[in-house]
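Contents: one structure, followed by commentary.
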Ligand code: F0G
């Protein structure tokens, strides 16, 4: 008999979670104005809101926490952290920050000016925010295949090289750098191939532009390169990540994802110029150069997390779980961005709630239905999150409207995934009866999905 696959860890500490009744959930959802960000986490049974900062640290990481050095300047923990980053990425210069968007803020304060254009694959919301708030433009050059959720493509996160070259030709001097986000979160946690990274580098060299990697999920990306790109089948994850970063000039990192810590981030680069330019902003916004908004113990846990999560066992366990949920949904016929991504399943809401008009936010409606069904919290990555067009103030209905089920690392078992799949199936089975969605009663001008208040339409 073939020995089945199993997790590469055992569990030493547990945290109770509580299921609830439908009636309780109806009340809580109403009190939360049909916005899952406004729920109290204790009201949630299985929390798939995000995989960011929600992972379970290992015994080695907790041990490192106890040995953290809290000196203001020159802490031992900083050097452990810096050496781990350099070891894994090859980048010599490292600036700590308290999370990913802080790394963007520090680096972009130096690199981005009004009128600039920054092309790449899909920019994450905060990346886009830090570009747009500087009156510059984030230009999405992701391959068109990413827009069709039912199309199978091994590297749906790729940059479209033709679109990128057109941008480089057209905007030439307005482009300070190219950014590649690995994995491409916005397109569904979809990976970028090594071949594509190499093509981006070649083009960047031709137009003399630097390349920045948003590395939040770089290790998951390396896993996909190993299993989907022939030349890398026999290479270790650490060899692959070194090669990925050798094709860039620097990176911003949210360590809350692939370094499996609850808080932390950094900038790493081979450019002395970027380092020296960004350094002052680090001190101004984050903290002194050897802690940048993190405690010594955070940096110590980060160093261990980076090392652990660039080992194959850990990544196989992780990505097999996402795949497992995907396979269950295949069994039930629930459509999602194919193939399953690295950190999440992105359910294609308009393909399910075909009677809910886009003006009534199908993905948000599905998010609410899933919570009411079984206390599972997902997150809308769709029309609400897309905000309004800054000029016309119209809703932006141009992109995909997805319900993201982001799976925290090392937190839930496959039994939890069975519950998620069954609950989604129940909603799917009664999809024909769901004909109305939600209406906005209160919204902020930017990043409205965090605070939006909604009303359910009957
Ligand atoms: N880049 C990517 C690709 C991200 O997914 C995120 C965060 C960031 C940058 C910003 O990092 O949160 O540490 O400031 N993504 C989270 C998510 C919030 O739920 O996808 P941060």
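In my numbering, the protein residues as written are 5 to 462. Note that CB positions come from ideal geometry on N, CA and C, so glycine has one too. Because the structure is a prediction, the values reported are computed rather than measured.
To the nearest angstrom, report how far apart residue i and residue j are at their CA atoms.
i	j	result
residue 256	residue 434	43 Å
residue 358	residue 290	46 Å
residue 106	residue 114	13 Å
residue 413	residue 379	20 Å
residue 168	residue 397	28 Å
residue 166	residue 155	20 Å
residue 459	residue 101	38 Å
residue 124	residue 144	6 Å
residue 45	residue 431	22 Å
residue 315	residue 224	11 Å
residue 438	residue 338	16 Å
residue 355	residue 401	15 Å
residue 388	residue 447	10 Å
residue 79	residue 86	11 Å
residue 445	residue 43	17 Å
residue 163	residue 130	19 Å
residue 173	residue 179	10 Å
residue 33	residue 457	11 Å
residue 298	residue 411	25 Å
residue 70	residue 265	14 Å
residue 204	residue 161	13 Å
residue 18	residue 117	48 Å
residue 65	residue 280	31 Å
Can you give me the Cβ contacts of residue i inside the same chain, cut-off strictly under 8 Å, excluding the 5 residues immediately before and after it?
i	result
residue 361	441
residue 176	211
residue 221	186, 187, 189, 193, 261, 262, 346, 347
residue 94	246, 249, 250, 274
residue 236	198, 229, 230, 244
residue 462	440
residue 276	97
Would you kindly check if the distance between the Cβ of residue j and the Cβ of residue i is under 8 Å?
i	j	result
residue 415	residue 171	no
residue 84	residue 303	yes
residue 197	residue 159	yes
residue 253	residue 274	yes
residue 140	residue 182	no
residue 57	residue 267	yes
residue 136	residue 142	yes
residue 241	residue 230	yes
residue 409	residue 323	no
residue 292	residue 76	yes
residue 126	residue 146	yes
residue 47	residue 258	no
residue 454	residue 41	yes
residue 427	residue 377	yes
residue 391	residue 450	yes
residue 395	residue 151	no
residue 443	residue 373	no
For the alpha helix (DSSP H) that contains residue i, what are its first and last residues?
i	result
residue 283	276 to 289
residue 218	Run containing residue 218: none in the alpha helix (DSSP H); it sits in the beta strand (DSSP E), 215 to 218.
residue 228	222 to 232
residue 250	241 to 250
residue 300	300 to 312
residue 210	198 to 210
residue 3	The structure shown does not extend to residue 3, since the chain spans only 5 to 462, so no value can be given for it.
residue 452	Segment: none, residue 452 is in no alpha helix (DSSP H) and carries neither H nor E.
residue 33	26 to 35
Give me, in chain order, the residues of the same chain whose beta-carbon lies closer than 7 Å to that of residue i; leave out the 5 immediate sequence neighbours on both sides.
i	result
residue 88	307, 310, 311
residue 318	12, 312
residue 420	50
residue 128	185, 189, 190, 218
residue 90	96, 98
residue 63	16
residue 202	251
residue 328	418, 421
residue 287	293
Can you tell me where the beta strand (DSSP E) with residue i in it begins and where it stops?
i	result
residue 444	442 to 446
residue 183	182 to 185
residue 272	269 to 273
residue 460	457 to 460
residue 408	406 to 410
residue 255	254 to 258
In chain order, what residues of the same chain have a beta carbon less than 6 Å from the beta carbon of residue i, not counting five sequence neighbours either side?
i	result
residue 407	351, 353, 367, 370, 371, 382
residue 429	336
residue 3	Residue coverage of the chain in this structure runs from 5 to 462, which leaves residue 3 outside it and unanswerable.
residue 53	381, 383
residue 195	159, 161, 187, 225, 228
Is the Cβ of residue i closer than 8 Å to any Cβ of chain B?
i	result
residue 380	Absent here is chain B; the protein component of the structure consists of one chain.
*asked:* For a minimum of 3 consecutive residues, which ranges assigned as the beta strand (DSSP E) are wholly contained in the stretch 64 to 136?
replied: Runs of the beta strand (DSSP E) inside the stretch 64 to 136: 97 to 101, 121 to 124.
_Runs of alpha helix (DSSP H) lying entirely within the stretch 131 to 171, each at least 4 residues, in chain order_ = If only uninterrupted alpha helix (DSSP H) runs of at least 4 residues are considered, none is enclosed by the stretch 131 to 171.
*Pick out the complete beta strand (DSSP E) segments inside the stretch 320 to 388, 3 residues or longer, and give them in chain order.*
Positions of the beta strand (DSSP E) runs, each at least 3 residues long and wholly inside the stretch 320 to 388, are given as 348 to 352, 383 to 385 in order along the chain.
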